[in-house]
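Colleague: Submitted below is the structure of interest, expressed as structure tokens.
2 protein chains.
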Amino acid sequence: MSARPILVDGLQYGRWSPGIFQQMREGGVSAIHATVAYHENFRDCVEHILAWNRRFAEHADLILPGRDAADIERASAEGRTAVFFGSQNPSVIEGDLRLVEALYALGLRFLQLSYNNQSLLCTGWREAEDTGLTLMGREVVREMNRLGMVVDMSHSSERSTLEAIAASQRPIAITHANPRWWRDTARNKSERVLDALAESGGMVGLSLYPAHLKDGSDCTRASFVDMARRLADRIGVAHIGIGSDLCQDQPDEVVRWMRVGRWTFGDPDAMGLGKAAFPAQPAFFRDNRDFPTLRAGLLAGGFSAAEVDQLLGLNWLAFMRASFGAAAQPAIPARSLAAR
Amino acid sequence: MSARPILVDGLQYGRWSPGIFQQMREGGVSAIHATVAYHENFRDCVEHILAWNRRFAEHADLILPGRDAADIERASAEGRTAVFFGSQNPSVIEGDLRLVEALYALGLRFLQLSYNNQSLLCTGWREAEDTGLTLMGREVVREMNRLGMVVDMSHSSERSTLEAIAASQRPIAITHANPRWWRDTARNKSERVLDALAESGGMVGLSLYPAHLKDGSDCTRASFVDMARRLADRIGVAHIGIGSDLCQDQPDEVVRWMRVGRWTFGDPDAMGLGKAAFPAQPAFFRDNRDFPTLRAGLLAGGFSAAEVDQLLGLNWLAFMRASFGAAAQPAIPARSLAAR
Numbered sequence: 031m032s033a034r035p036i037l038v039d040g041l042q043y044g045r046w047s048p049g050i051f052q053q054m055r056e057g058g059v060s061a062i063h064a065t066v067a068y069h070e071n072f073r074d075c076v077e078h079i080l081a082w083n084r085r086f087a088e089h090a091d092l093i094l095p096g097r098d099a100a101d102i103e104r105a106s107a108e109g110r111t112a113v114f115f116g117s118q119n120p121s122v123i124e125g126d127l128r129l130v131e132a133l134y135a136l137g138l139r140f141l142q143l144s145y146n147n148q149s150l151l152c153t154g155w156r157e158a159e160d161t162g163l164t165l166m167g168r169e170v171v172r173e174m175n176r177l178g179m180v181v182d183m184s185h186s187s188e189r190s191t192l193e194a195i196a197a198s199q200r201p202i203a204i205t206h207a208n209p210r211w212w213r214d215t216a217r218n219k220s221e222r223v224l225d226a227l228a229e230s231g232g233m234v235g236l237s238l239y240p241a242h243l244k245d246g247s248d249c250t251r252a253s254f255v256d257m258a259r260r261l262a263d264r265i266g267v268a269h270i271g272i273g274s275d276l277c278q279d280q281p282d283e284v285v286r287w288m289r290v291g292r293w294t295f296g297d298p299d300a301m302g303l304g305k306a307a308f309p310a311q312p313a314f315f316r317d318n319r320d321f322p323t324l325r326a327g328l329l330a331g332g333f334s335a336a337e338v339d340q341l342l343g344l345n346w347l348a349f350m351r352a353s354f355g356a357a358a359q360p361a362i363p364a365r366s367l368a369a370r
Numbered sequence: 031m032s033a034r035p036i037l038v039d040g041l042q043y044g045r046w047s048p049g050i051f052q053q054m055r056e057g058g059v060s061a062i063h064a065t066v067a068y069h070e071n072f073r074d075c076v077e078h079i080l081a082w083n084r085r086f087a088e089h090a091d092l093i094l095p096g097r098d099a100a101d102i103e104r105a106s107a108e109g110r111t112a113v114f115f116g117s118q119n120p121s122v123i124e125g126d127l128r129l130v131e132a133l134y135a136l137g138l139r140f141l142q143l144s145y146n147n148q149s150l151l152c153t154g155w156r157e158a159e160d161t162g163l164t165l166m167g168r169e170v171v172r173e174m175n176r177l178g179m180v181v182d183m184s185h186s187s188e189r190s191t192l193e194a195i196a197a198s199q200r201p202i203a204i205t206h207a208n209p210r211w212w213r214d215t216a217r218n219k220s221e222r223v224l225d226a227l228a229e230s231g232g233m234v235g236l237s238l239y240p241a242h243l244k245d246g247s248d249c250t251r252a253s254f255v256d257m258a259r260r261l262a263d264r265i266g267v268a269h270i271g272i273g274s275d276l277c278q279d280q281p282d283e284v285v286r287w288m289r290v291g292r293w294t295f296g297d298p299d300a301m302g303l304g305k306a307a308f309p310a311q312p313a314f315f316r317d318n319r320d321f322p323t324l325r326a327g328l329l330a331g332g333f334s335a336a337e338v339d340q341l342l343g344l345n346w347l348a349f350m351r352a353s354f355g356a357a358a359q360p361a362i363p364a365r366s367l368a369a370r
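Below you can see the structure in the form of structure tokens.
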């Protein structure tokens with residue numbers, strides 16, 4: 031199994047089960063960034079992490095905890111999947127800068143500075159106005175830079191994202207989004223943002239969630255691959271990965287939680303936030319078993335085999351190798367948490 | 031003692047003790063709005079409320095819990111002081127709209143939509159950019175309007191304050207601030223804000239905290255009274271009260287908590303947030319025993335006796351009578367929490 035290519039998915043949020051982990055193995059998935067919070071506070075986020083720790087113990091044949099980039103290579107060699115934690119909302123730090131380090135110790139490696147709404151740190155894409163980084167936002171970016179936790183701006187708005195790219199001393203990520211010119215929604219990213227991201231050494235994970243796709247659930251593989259090719263021509267293939275945003279086996283109440291959390295009593299559909307129901311996945315990417323289909327499409331769509339390896343895994347691997355852990359010793363390879 | 035005039039202070043945060051409560055009696059203070067949180071989360075705020083509940087039991091000869099406006103009259107008649115709770119930061123609701131009602135049940139009657147920094151609801155005066163009310167901010171204002179919890183914009187920035195005045199179905203308060211034309215700091219309020227506040231039926235509590243005063247700790251009573259007179263000439267005496275912001279007997283680490291909470295590891299002085307030390311009170315208002323001095327100054331400064339009664343207590347009384355509790359039955363006088 032050591033011949034498996036490295037394959038990394040920059041964002042998933044399944045209703046986790048051995049069945050999904052088995053599909054990951056079938057799809058050849060070496061690592062995923064798994065969401066552990068959308069609107070949760072610190073304690074609730076810890077609860078989700080503790081549930082993962084049980085899964086790691088119970089399904090050690092399929093998954094392992096991802097802490098540094100070497101875990102991706104180990105998982106790939108062993109036919110398992112390394113799972114890296116991330117929160118889509120800084121609600122998990124509850125306005126307490128010290129909790130960044132605590133969550134790093136618990137395994138958190140990605141943190142979005144906002145979800146859809148204004149956070150204490152910056153602005154989400156649903157808001158009418160965009161502050162950019164707040165006073166606390168700048169403090170949190172500095173602390174994340176120090177620890178080696180990735181700044182993720184997937185759900186943040188334009189100015190906030192540009193300011194995060196500029197303020198961060200280390201490259202940042204947009205783990206799951208597509209170019210706005212392909213599917214016009216404020217949730218997707220402008221050319222200005224994608225250019226700045228790439229120029230700073232950052233990564234974008236292309237999303238396979240219908241709301242981010244041209245033609246939604248009817249999006250074709252050829253259209254997706256053509257978008258990837260055009261984006262690669264502009265910003266360079268080295269800055270592109272996959273962040274499928276696969277929300278597998280989840281009941282619709284989970285979409286409701288994503289949309290409204292605890293910030294409103296309103297109905298998300300009536301409020302213009304979208305129906306609280308999961309859309310159908312596009313036919314070419316239904317679950318983790320379809321990564322070979324995606325690989326074949328990329329190869330057919332003008333990417334070389336080496337480029338496809340980059341896009342499906344090696345770019346995320348290189349990014350995570352540079353991103354996790356303290357930045358002061360660049361010559362030292364990524365270390366395990368225990369050694370830190 | 032029933033002949034005491036009603037005297038209400040719109041904001042205090044002392045290191046509470048029987049000594050301070052005794053001084054309130056000496057100064058003839060019928061009621062105060064007491065801060066129970068600056069950066070605290072829900073649980074920590076509850077802890078401060080529980081400490082107050084012990085004080086109410088142990089010092090029932092001096093203080094009583096303020097829940098509706100009738101408690102002010104009762105306290106005045108009995109020579110005691112009614113204490114109304116407020117939080118200077120919506121950190122206490124932790125992004126959970128449901129906690130507004132929970133805190134109302136626990137006695138909270140005032141809630142600032144932001145402290146100095148960006149909150150989940152709006153922008154604080156220290157930030158460079160001002161979003162106005164966020165999506166969640168509008169939900170919280172609606173919920174506070176429903177319950178009868180006062181929207182307090184003392185530490186919020188210009189646009190946020192104007193939007194809160196416009197969005198709130200009930201008059202709002204700036205419990206402790208002064209006009210910016212008198213002491214030029216972004217913490218004080220512009221004429222535009224003060225005009226809009228008064229036009230909407232709101233209240234401003236004039237602050238006696240040195241950072242808000244012309245000439246700081248050297249501010250004279252004549253200067254303060256002249257400011258009050260000029261403000262009354264512009265917006266009407268009916269919209270003006272006192273919000274002394276008296277922070278009595280507090281150690282300097284409390285100022286540090288106010289300035290930086292848990293959002294930065296930095297030194298507030300080095301960050302330009304001001305020295306973490308309490309300034310000396312102006313000579314004419316050192317503590318609660320100086321309210322008679324203030325009263326004499328107002329009488330000498332061009333206010334009629336009736337106007338002084340309004341400014342020192344009756345305006346806050348009328349505002350609280352209209353503000354606390356459900357708004358649906360305007361003909362019914364304020365009720366106790368137990369009857370609601």
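For the protein sequence lines, the chains are D and F, in the order given.
Counting the first sequence from 1 gives a position; the working numbering is that position plus 30.
Counting the second sequence from 1 gives a position; the working numbering is that position plus 30.
All C-beta atoms in this analysis are idealised placements derived from N, C-alpha and C, irrespective of residue type, glycine included.
#1: Leaving out five residues before and five after P298 (chain F) in sequence, what residues of the same chain have Cβ atoms less than 7 Å from its Cβ?
#2: How would you call S247 (chain D), buried or exposed, if buried means at least 16 neighbouring beta carbons within 10 angstroms?
#3: In chain F, what lies closer than 8 Å to M166 (chain D) by C-beta?
#4: With a cut-off of 9 Å, does the C-beta of S366 (chain F) fall near any C-beta of chain D?
#5: S117 (chain F) versus chain D: which residues are under 9 Å apart at the beta carbon?
#6: Under a Cβ-count criterion, where at least 16 other Cβ atoms within 10 Å of its own Cβ denotes burial, should T164 (chain F) be classed as buried or exposed?
#7: Tell me the rounded alpha-carbon separation between D256 (chain D) and F314 (chain D).
#8: Is L150 (chain D) near S149 (chain F), with beta carbons less than 9 Å apart?
#9: Of all the options F:T205, F:K219, F:E337 and F:A197, which has the alpha carbon lying nearest to the alpha carbon of G266 (chain F)?
#10: Report yes if the CB atom of G96 (chain F) is closer than 9 Å to the CB atom of I102 (chain F), and no otherwise.
#11: Kindly provide the ranges of any alpha helix (DSSP H) runs that are 4 or more residues long and lie completely inside the stretch 46-72 of chain F, ordered along the chain.
#12: So with CB distances below 7 Å, who are the chain F contacts of D126 (chain D)?
#13: Short of 9 Å Cβ to Cβ, which residues in the stretch 55-88 of chain F face chain D?
#14: Is the CB-CB distance between L329 (chain F) and A335 (chain F) below 9 Å?
#15: So, do the stretch 75-84 of chain F and the stretch 130-138 of chain F have three or more beta carbon pairs nearer to each other than 8 Å?
#16: Just the chain F side, please: which residues come within less than 9 Å of T161 (chain D) by C-beta, in chain order?
#17: Taking its Cβ as the centre, do 16 or more other Cβ atoms sit within 10 Å of P363 (chain D), making it buried, or is it exposed?
#18: Tell me the rounded alpha-carbon separation between R217 (chain F) and A99 (chain F).
#19: For the stretch 125-134 of chain D against the stretch 81-93 of chain D, are there 3 or more C-beta pairs whose distance is under 8 Å?
#20: Under three-state DSSP, which class holds I272 (chain D)?
#21: A53 (chain F): buried (16+ other C-beta within 10 angstroms of its C-beta) or exposed?
#22: Drop a sphere of 10 angstroms on the beta-carbon of N215 (chain F), count the other beta-carbons inside from all chains shown, and report buried for 16 or more, exposed for fewer.
#23: Mind checking if S334 (chain F) is an interface residue toward chain D, Cβ cutoff 9 Å exclusive?
#24: Taking only the alpha-carbon atoms, compute the straight-line gap between V59 (chain D) and F51 (chain D) and give it to the nearest angstrom.
#25: Using a Cβ-Cβ cut-off of 8 Å (strictly less than) and excluding sequence neighbours within five positions of A132 (chain F), which residues of its own chain qualify?
#26: Around the Cβ of N83 (chain D), are there at least 16 other Cβ atoms within 10 angstroms (buried) or fewer (exposed)?
#27: Contact criterion: CB-CB distance below 9 Å. Does S186 (chain D) meet it with respect to chain F?
#28: State buried or exposed for E157 (chain F), treating a residue as buried only when at least 16 other CB atoms are found within 10 Å of its CB.
#29: Less than 9 Å between CB atoms is the rule here; does S121 (chain F) satisfy it with respect to chain D?
#30: Since E169 (chain D) meets chain F, which of its residues come closer than 9 Å, beta carbon to beta carbon?
#31: How would you call N146 (chain D), buried or exposed, if buried means at least 16 neighbouring beta carbons within 10 angstroms?
#32: Is there a Cβ from chain D that is less than 9 Å from the Cβ of E283 (chain F)?
#33: DSSP three-state label for S186 (chain F), please.
#34: How would you label A369 (chain F), buried or exposed, when you count the other beta carbons within 10 angstroms and need 16 or more for buried?
#35: Within the continuous alpha helix (DSSP H) that includes V267 (chain F), where are the two ends?
#36: Is any beta-carbon of chain D found at less than 9 Å from that of E221 (chain F)?
Modeller: On the basis of the supplied data:
#1: R286, R289, V290, G304 and A306
#2: exposed
#3: N147, Q148, W293 and T294
#4: Residue placement at S366 (chain F) cannot be trusted, given a pLDDT of 33 that sits under 50; what the coordinates show is reported in the next sentence. So no, S366 (chain F) is outside the interface.
#5: Ordered by position in chain D, no residue passes the 9 Å Cβ test against S117 (chain F), which lies about 13 Å from the chain.
#6: buried
#7: 14 Å
#8: yes
#9: F:E337
#10: yes
#11: 48-57
#12: R292
#13: H69 and N71
#14: yes
#15: yes
#16: Q148, T153, E157, A158, E159, D160 and T161
#17: Annotation note: pLDDT 38 at P363 (chain D) (below 50); position unreliable, coordinate value reported separately. Exposed, because fewer than 16 other Cβ atoms sit within 10 Å of the Cβ of P363 (chain D).
#18: 28 Å
#19: no
#20: strand
#21: Rather than Ala, the amino acid found at residue 53 (chain F) in this sequence is Gln. Q53 (chain F) should be labelled buried.
#22: The question names Asn, but residue 215 (chain F) in the sequence shown is Thr. Exposed: under 16 other Cβ atoms inside 10 Å.
#23: no
#24: 9 Å
#25: F72
#26: exposed
#27: no
#28: buried
#29: yes
#30: W293, T294, F295 and G296
#31: buried
#32: no
#33: strand
#34: With a pLDDT of 34 at A369 (chain F), under the threshold of 50, the modelled position of this residue cannot be trusted; read the value that follows with caution. When all chains shown are included, A369 (chain F) counts as exposed.
#35: Premise fails: V267 (chain F) is in no alpha helix (DSSP H) and is neither H nor E.
#36: no
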